[in-house]
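Chemist:
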Amino acid sequence: MSDACQDFRVERRELERFMLAALARAGADAASAEAVSRALVTASRMGTDSHGLRLLPHYVRALQGGRVRGAPRMRFERRLPATGYLDAGDGFGHLAGYTAMDHAATMADEVGVGAVAVGHSSHFGAAGCYALAAAQRGLIGLAVCNSDPFVLLHRGSRPFHGTNPIAFAAPVAGGSPYLLDMATSSIPWNRVQQYGAIGRELPDQVAADAEGEVTRTPAEVAALLPLGGSDFGFKGAGLGGMVEVLSSTLSGMLHGFRLLPMGGPDMTTPRGVGHFFLALRPDAFATGNPFPECLRQYLDDLRAQPGRDGARVMAPGDREWTCQARRDAEGIPLDSANQVAYAELAESLGVRALQPLD
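Terminal number for the sequence shown in my numbering: 1754, no gaps in between.
(1) Quick one: grab the DSSP three-state call for A1711.
(2) How many Å lie between I1660 and V1540 at the Cα?
(3) Only counting the same chain, and skipping five residues up and downstream in sequence, which positions put a Cβ closer than 6 Å to that of S1644?
(4) Looking only at C-alpha atoms, which of R1469, R1677, T1502, G1508 sits nearest to G1489?
(5) Using CA atoms only, rank isn't needed, just tell me which of G1703, Q1735, F1672, D1705 is closest to G1493.
(6) Give me the Cβ distance between L1674 and L1491, rounded to the nearest whole Å; I'm assuming they're in contact under 8 Å.
(7) Could you name the residues of the same chain whose beta carbon sits closer than 7 Å to that of E1412, not counting the 5 residues immediately before and after it, in chain order?
(8) Which value, in whole angstroms, describes the spacing of the CA atoms of C1401 and L1416?
(9) Could you tell me whether the stretch 1584-1597 touches the stretch 1731-1741, using the rule of 3 or more Cβ pairs below 8 Å?
(10) Are the stretch 1581-1589 and the stretch 1500-1513 in contact at 8 Å, needing three or more beta carbon pairs?
(11) Assuming P1657 contacts D1544 under a Cβ cut-off of 8 Å, what Cβ separation, rounded to an integer in Å, is found between them?
(12) Using alpha carbons as the reference points, say which of G1524, T1495, L1741, H1550 lies closest to A1427.
(13) Kindly indicate the opening and closing residues of the beta strand (DSSP E) around V1512.
(14) Here's a check: name, in chain order, each residue in its chain whose Cβ is nearer than 8 Å to the Cβ of R1474, leaving out the five neighbours to either side.
(15) Am I right that A1618 and A1604 are in contact with their C-beta atoms under 8 Å? What's the rounded C-beta distance?
(16) Taking S1518 and D1486 to be in contact with their CB atoms under 8 Å, please state how far apart those CB atoms are, rounded to whole angstroms.
(17) Check this for me: beta carbons of S1446 and N1586, under 9 Å apart or not?
(18) With H, G and I counted as helix, E and B as strand and the rest as coil, what does DSSP make of R1469?
(19) So who's on the other strand from G1632, going by DSSP bridges?
(20) Where does G1480 fall in DSSP's three states?
(21) Leaving aside the five residues before and after A1606 along the sequence, list all residues of the same chain whose C-beta is less than 6 Å from its C-beta, in chain order.
(22) By DSSP, does R1551 sit in helix, in strand, or in coil?
(23) Label C1690 either buried or exposed according to how many other C-beta atoms from any shown protein chain fall within 10 Å of its C-beta, with 16 as the threshold for buried.
(24) Is there a Cβ from chain B that is less than 9 Å from the Cβ of F1630?
(25) Just list the beta strand (DSSP E) runs in the stretch 1538-1605, keeping only unbroken ones of 3 residues or longer that don't cross its boundaries, in chain order.
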């Protein structure tokens, strides 16, 4: 989303302060509050507000309703030298995600590869946060997660898969990581809500109404189309299924079609979301560790390609790092709907209101 016409901006540490205070007041322990705020601020710094600051009111409701445990008893079991299972204890998916990737990275440091399945978790925000955590340790990271049904199968008439995101990150010597973070639907559901909140029309071929017909009106949306739209949605549906296999079946959780809806109305019953995290040590493969130079050459060649109509060709992550630099300098914007939501949180929780930049 463009930052144009946003005149209410906050410094990132002020946003972190508010989130930590709100989550603590709602019942989250220090580790949970830190993980949630870390993930939400990371997403909003990179411009992904649909999975960033906009989600805080929802997480507060989940805490207060009992769906998410604010002080979970997580248990990790290392099953083999490179595999493990994390029972997230029905806590926040953000804490589960960072914890699981940390375990995967530790195994990768030791044996070259680390993979962790996570069960009894909840929504974890932007999948890219956890792939990025691996890249920041010099590792290649992959993160996937299942979610409740909101995406049509190709030529299907009812939602079956969730948006089932895939995130992949790789370290770049002397630069910001390569970062791909995508839903396997044409757009994420949170984007529909974000567009609806600001009265904006959706792009074509991304969402459908209750009859399965394509709609561009957020209020009419009853399902999302898989990546590829009406004609080529078998690609997105196939990727969504791959994510399902990795996230729910490896962890022994319900597959997405059987999950309780993220938005309620039941905000008391834990949902049992599954995740999967993979970390790879680049120098554990080819002799001499050619990875840094080969990746540099690949990215140099990619960015040097000519664009159409004067556009700049970018690698995955380039847009996000550009946005992050701008928002770190100018502040993170809140649209009118989020300004109201944060003011209501401050009042209801007794937290000092979010203070905008001068």
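Even for Gly, the Cβ is constructed at its ideal location relative to N, Cα and C.
Modeler: So, from the data block:
(1) Position 315 of the sequence shown, counting from 1, holds the residue named residue 1711. Residue state, collapsed to three classes: coil.
(2) By 1-based counting over the sequence shown, the position of residue 1660 is 264. By 1-based counting over the sequence shown, the position of residue 1540 is 144. First, the residue type needs correcting, since residue 1660 is Gly and not Ile in the sequence shown. Our two residues, G1660 and V1540, have alpha carbons roughly 22 Å apart in a direct line.
(3) To locate residue 1644, count along the sequence shown from 1; it is residue 248. Excluding positions up to five away in sequence, the list reads N1542, H1651, G1670.
(4) Here the question's residue 1489 lines up with position 93 in the sequence shown. Answer by Cα proximity: R1469.
(5) Here residue 1493 corresponds to residue number 97 of the sequence shown, with the count starting at 1. Residue nearest to G1493 within the set G1703, Q1735, F1672, D1705 is F1672 (criterion: CA-CA distance).
(6) Indexing the sequence shown from 1 puts residue 1674 at position 278. Indexing the sequence shown from 1 puts residue 1491 at position 95. Contact annotation, L1674 with L1491: C-beta distance approximately 19 Å; criterion of less than 8 Å not satisfied.
(7) In the sequence shown, residue 1412 corresponds to position 16, counting from 1. For E1412, where only same-chain residues beyond five positions count, the Cβ hits under 7 Å are S1433, V1437.
(8) For the purposes of this step, residue 1401 is taken as the residue at position 5 of the sequence shown. For the purposes of this step, residue 1416 is taken as the residue at position 20 of the sequence shown. Interpretation of C1401 is limited by its pLDDT of 47, a score under 50 that renders its predicted location unreliable; the figure taken from the coordinates is listed afterwards. Rounded to the nearest angstrom, the two C-alpha atoms are 28 Å apart.
(9) Contact holds between the stretch 1584-1597 and the stretch 1731-1741, because three or more Cβ pairs, one in each stretch, are under 8 Å apart.
(10) The stretch 1581-1589, when compared against the stretch 1500-1513, does not touch it at the 8 Å Cβ threshold.
(11) Residue 1657 sits at position 261 when you count from the first residue of the sequence shown. Residue 1544 sits at position 148 when you count from the first residue of the sequence shown. Taking a contact as a CB-CB distance under 8 Å, the pair P1657 and D1544 counts as one, their CB atoms being some 5 Å apart.
(12) Stepping through the sequence shown from its first residue, residue 1427 is reached at position 31. For A1427, the nearest C-alpha among the options comes from T1495.
(13) Mapped onto the sequence shown, residue 1512 falls at position 116. For V1512, the enclosing beta strand (DSSP E) stretches over residues 1509-1517.
(14) Indexing the sequence shown from 1 puts residue 1474 at position 78. Scanning its chain for C-beta atoms nearer than 8 Å, with the 5 sequence neighbours on each side dropped, one finds around R1474 the residues G1480, H1499, M1503, in chain order.
(15) Taking the sequence shown and counting its residues from 1, one reaches residue 1618 at position 222. Taking the sequence shown and counting its residues from 1, one reaches residue 1604 at position 208. So it is a contact: roughly 7 Å between Cβ atoms.
(16) Numbered from 1 along the sequence shown, position 122 holds the residue referred to as residue 1518. Numbered from 1 along the sequence shown, position 90 holds the residue referred to as residue 1486. 7 Å between Cβ atoms; contact.
(17) Here the question's residue 1446 lines up with position 50 in the sequence shown. Here the question's residue 1586 lines up with position 190 in the sequence shown. Against a cut-off of 9 Å, the Cβ pair of N1586 and S1446 comes out as a contact.
(18) Within the sequence shown, numbered from 1, the residue matching residue 1469 stands at position 73. Coil, per DSSP.
(19) The sequence position of residue 1632 within the sequence shown is 236, counting from 1. None; G1632 has no bridge partner.
(20) What you label residue 1480 is simply residue 84 of the sequence shown in a count that begins at 1. Of the three classes helix, strand and coil, the one that applies to G1480 here is strand, per DSSP.
(21) Within the sequence shown, residue 1606 is the residue found at index 210, counting from 1. Answer for A1606: A1618, listed in chain order.
(22) Counting from one through the sequence shown, the residue named residue 1551 turns up at place 155. Three-state DSSP puts R1551 in coil, outside helix and strand.
(23) Position 294 of the sequence shown, counted from the first residue, corresponds to residue 1690. C1690 should be labelled exposed.
(24) As a matter of chain content, chain B is missing from the structure shown, which is built from one protein chain.
(25) The stretch 1538-1605 contains these whole beta strand (DSSP E) runs: 1555-1557, 1562-1566, 1574-1578.
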